[in-house]
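Asks: So the sequences go chain by chain: A and B. First residue of the first sequence: 6, per this note's numbering; consecutive thereafter. First residue of the second sequence: 3, per this note's numbering; consecutive thereafter. Glycine is no exception: its CB is placed at the ideal position from the N, C-alpha and C atoms. No experiment lies behind these values; they were computed from the predicted model shown. Take a look at this one; I'll ask things after.
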Amino acid sequence: MLDDFFIRAMLAGVGVAVVAGPLGCFIVWRRLAYFGDTLSHAALLGVALAFLLEINFTVAVFLVSAVVSLALLFLQRKATVSSDSLLGLLAHSALALGLVVLAFLTWVRVDLMGFLFGDILAVSAMDILIIYIGGAAVLSVLVWIWTPLFAATVNWELAEAEGMKPGRANIVLMLLMATVIAIAMKIVGVLLITAMLIIPAATARRFAAGPEQMAVVAAIAGAMAVVGGLFGSLEWDTPSGPTIVVAALFLFILSLSPLPQLLAFGRKSGTPIVKEGN
Amino acid sequence: MAQDTDPLITLSRAGVERAGRWLVRGVDLAVQPGEIVTLIGPNGSGKSTTAKMALGILKPDEGTSARRRDLVVGYVPQKVSIDWTLPLTVARFMHLTGRVDQADADAAMKQTGIHDLRSAEVRTLSGGEFQRVLLARAMARKPDLLVLDEPVQGVDFSGEIALYEMIKGIRDDIGCGILLISHDLHVVMAATDRVLCLNGHICCQGTPTAVASSVEYQTLFGKRAAATLAVYEHDHDHTHLPDGRVRHSDGTVTDSCHPQDGHHHGHHHGHVHTLPTAEGVDGIERERETHHAR
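So, in structure tokens, the structure goes:
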């Protein structure tokens, strides 16, 4: 079954989407969209370093993303520049550095388009293994850190006062994002990773009555976008990464229609009866 | 255990400095189990900062801050805004910093009168409703220490008294220590064991019992506009300099204000703190105390 490139693409894409959805919720809640962009721009530097040092792409991208997020945490405390300026600085410096390093590697012929927009149809069984192991790790850590992370998202000081250690949760979240970007790069490419994080989560907002519910709905919406996008790209012969994002956008637009309200309304009137049980 | 006699939280000579200015300095504060301590003071006097130091949210830049090991804290911050991107119902909010027993959560919601709102989204609540939700959540944790930063804000006047009653009830029920920040200089909860008046430092402190038992105090609840009676009063003859030091009436300057420095304590005369508009022309925060001769 794994011999078929289309099945492999489907498995890889759904694997990434299921992890990106819940994590994307935190990006939406904490308004970290630009931070996601920064990490994915930095991913190209990871690619260049992987060529230079001849190490695994995923590992190199993860390391660079992790260093960039920790650098951001450090600079936020030290520098007198606003966070969004710092993000812009880090994003484009890392991107430029990556391109310069790649230019020096004259013996390497890089398909830049593949990295920028992904090449989901070329995923190997090994890639799928990495996605599922990495994805399972990300989801487990996310479940483990969920309460402190969510509490800190709602109110940092309240979380700190009640012993939730929000600083630690914050660092863990950044490392999780670095991991997801590393494993998702091959699927949608560095320029579109943030879309896979944000769009399904934004879609889920209209359907969800609770944070956990929103995470699950985001995962489902992401998976639907992958399946829809892949079939779309097969049907119309369009590039698969961008088509997946377009499919996600389509779901988001659908969520703006009255449909979710109808669903949410049905649930709202139903919940108390179930919950009360008296 | 000997530990049980230790205070829940202790601040000693603690202060926080931001950009060369001391927000609050030289604070000594301890809260014992079962004790209600109220912080009062004008805007910007360092009430919230003091509470945050006690909670460990802010690290003191001088002095020390200590908490009991494994202290369970219930915190009602001064301001919590829920982003509209967050789908969060009251019921879910009750378990924000860890699951609490559902029976405790229901009891707390009933006691604060928000049980009917439990499936409502938090961000759709009014200020007063949300304030009660915050209190219910903190209560349901069965904390050792409850820290309430202006818990009656946005609550109408009769609700205010009810809330104060409820806070006293929490102390009586679960025996927790309570650190309460009052936004109103003139009204201090009757059940308070100790009042601390802050104005960049501890101006004065003591029990409000004498005041609470007085007729004037009781009429205070009825006629707030005529609230010339303070719970605890004192006199100032020193000026706080922007660097946190204190200039006394005799012209000497010391690092901070000690309780015995230039404070003349007496009972049953009012005091009013006034602050110059927008921190004053020269940025120096002044205090002026008005005596009401009795």
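Please determine, among B/Trp86, B/Val82, B/Pro62, B/Gly100, the residue with the shortest C-alpha to C-alpha distance to B/Val75.
Replies: As a working mapping, residue 75 of chain B is identified with position 73 in the second sequence. B/Val75 has its Cα closest to that of B/Gly100, out of B/Trp86, B/Val82, B/Pro62, B/Gly100.
Asks: Residues in its own chain within less than 6 Å of B/Leu25 by CB, not counting five upstream and five downstream?
Replies: Numbered from its first residue, the second sequence carries residue 25 of chain B at position 23. Only Val18, Gly48, Thr51 meet the Cβ criterion.
Asks: Would the beta-carbon of B/Leu147 fall within 8 Å of that of B/Val29?
Replies: Translated into the one-based positions of the second sequence, residue 147 of chain B becomes position 145. Translated into the one-based positions of the second sequence, residue 29 of chain B becomes position 27. No. Outside cutoff.
Asks: Assuming A/Leu202 and A/Ala25 form a contact by the criterion Cβ under 8 Å, report the distance between their Cβ atoms to the nearest whole angstrom.
Replies: Against the first sequence, residue 202 of chain A aligns to sequence position 197. Against the first sequence, residue 25 of chain A aligns to sequence position 20. About 5 Å; that satisfies the 8 Å criterion.
Asks: Nearest CA to the CA of A/Leu94: which residue from A/Leu104, A/Val73, A/Lys83, A/Arg82?
Replies: Mapped onto the first sequence, residue 94 of chain A falls at position 89. Per the Cα distances, A/Val73.
Asks: Have a look at A/Phe255 and B/Val78 and give me their C-alpha separation to the nearest angstrom.
Replies: Numbered from its first residue, the first sequence carries residue 255 of chain A at position 250. Numbered from its first residue, the second sequence carries residue 78 of chain B at position 76. Straight-line Cα distance between these residues: approximately 41 Å.
Asks: Which residues mark the beginning and the end of the alpha helix (DSSP H) in which A/Cys30 is found?
Replies: As a first step, residue 30 of chain A must be located in the first sequence, where it is residue number 25. A/Cys30 -> alpha helix (DSSP H) spans 10-34.
Asks: On the DSSP bridge list, what partners appear for B/Ala68?
Replies: Translated into the one-based positions of the second sequence, residue 68 of chain B becomes position 66. Answer by DSSP bridge pairing, in chain order: B/Thr12.
Asks: In whole angstroms, what separates the C-alpha of A/Gly194 from that of A/Leu134?
Replies: Start at 1 with the first residue of the first sequence, and residue 194 of chain A comes out as number 189. Start at 1 with the first residue of the first sequence, and residue 134 of chain A comes out as number 129. Their backbone Cα atoms lie some 18 Å apart in a straight line.
Asks: Chain A beta carbons: is any one of them nearer than 8 Å to that of B/Pro9?
Replies: One-based indexing of the second sequence puts residue 9 of chain B at position 7. With 8 Å as the cut-off, B/Pro9 does not count as an interface residue toward chain A.
Asks: For the stretch 201-214 of chain A, which residues have a CB atom closer than 7 Å to at least one CB atom of chain B, in sequence order?
Replies: The stretch 201-214 of chain A vs chain B, Cβ under 7 Å: Arg210, Ala213, Ala214.
Asks: Whose C-beta lies closer than 6 Å to the C-beta of A/Val113 among residues of the same chain, with five residues either side of it excluded?
Replies: Looking up residue 113 of chain A in the first sequence gives position 108. Excluding residues within five positions, the ones whose Cβ falls inside 6 Å are Phe56.
Asks: Ends of the alpha helix (DSSP H) at B/Asp85?
Replies: Here the question's residue 85 of chain B lines up with position 83 in the second sequence. Looking at the DSSP string, B/Asp85 is not in any alpha helix (DSSP H), and its letter there is neither H nor E.
Asks: Taking beta-carbon pairs under 9 Å, can you tell me which members of the stretch 133-167 of chain A lie near chain B?
Replies: Within the stretch 133-167 of chain A, the residues whose Cβ lies closer than 9 Å to some Cβ of chain B are Thr152, Pro153, Phe155, Ala156, Thr158, Val159, Asn160, Trp161, Glu162, Leu163, Ala164, Glu165, Ala166, Glu167, listed in chain order.
Asks: Mind checking the stretch 32-53 of chain A against chain B and listing, in chain order, the residues whose C-beta falls within less than 9 Å of any C-beta there?
Replies: Taking 9 Å as the Cβ-Cβ cut-off against chain B, the residues of the stretch 32-53 of chain A that qualify are Val33, Trp34, Arg35, Arg36.
Asks: Answer yes or no: does any C-beta atom of chain A fall closer than 8 Å to that of B/Val102?
Replies: As a working note, residue 102 of chain B is residue 100 in the second sequence. It does not: the Cβ of B/Val102 has no partner Cβ on chain A nearer than 8 Å.
Asks: Run through DSSP, which three-state label would A/Ile60 get?
Replies: Taking the first residue of the first sequence as position 1, residue 60 of chain A is located at position 55. Note: A/Ile60 maps to coil in three-state DSSP.
Asks: Here's the rule I'm using: 16 or more other beta-carbon atoms within 10 Å means buried, otherwise exposed. How should A/Gly234 be labelled?
Replies: One-based indexing of the first sequence puts residue 234 of chain A at position 229. A/Gly234 comes out buried.
Asks: Is it buried or exposed, A/Asp132, if we count other Cβ atoms within 10 angstroms and call 16 or more buried?
Replies: Looking up residue 132 of chain A in the first sequence gives position 127. With 16 or more other Cβ atoms within 10 Å, it is buried.
Asks: Rounded to whole angstroms, what is the Cα-Cα separation between B/Thr194 and A/Ile225?
Replies: Stepping through the second sequence from its first residue, residue 194 of chain B is reached at position 192. Stepping through the first sequence from its first residue, residue 225 of chain A is reached at position 220. The straight-line gap from Cα to Cα measures roughly 53 Å.
Asks: What's the gap between the Cα of B/Arg20 and the Cα of A/Lys191?
Replies: One-based indexing of the second sequence puts residue 20 of chain B at position 18. One-based indexing of the first sequence puts residue 191 of chain A at position 186. Going from the Cα of B/Arg20 to the Cα of A/Lys191 covers about 46 Å.
Asks: Quick check on DSSP: helix, strand or coil for B/Gln155?
Replies: The residue you call residue 155 of chain B lines up with position 153 of the second sequence. Of the three classes helix, strand and coil, the one that applies to B/Gln155 here is coil, per DSSP.
Asks: Among B/Asp118, B/Pro44, B/Arg69, which one has its Cα closest to the Cα of B/Glu131?
Replies: The residue labelled residue 131 of chain B in the question sits at position 129 within the second sequence. The candidate whose alpha carbon is nearest that of B/Glu131 is B/Asp118.
Asks: If the cut is a Cβ gap below 7 Å, which residues of chain A does B/Thr91 touch?
Replies: Mapped onto the second sequence, residue 91 of chain B falls at position 89. What B/Thr91 touches in chain A: Ala214, Gly215.
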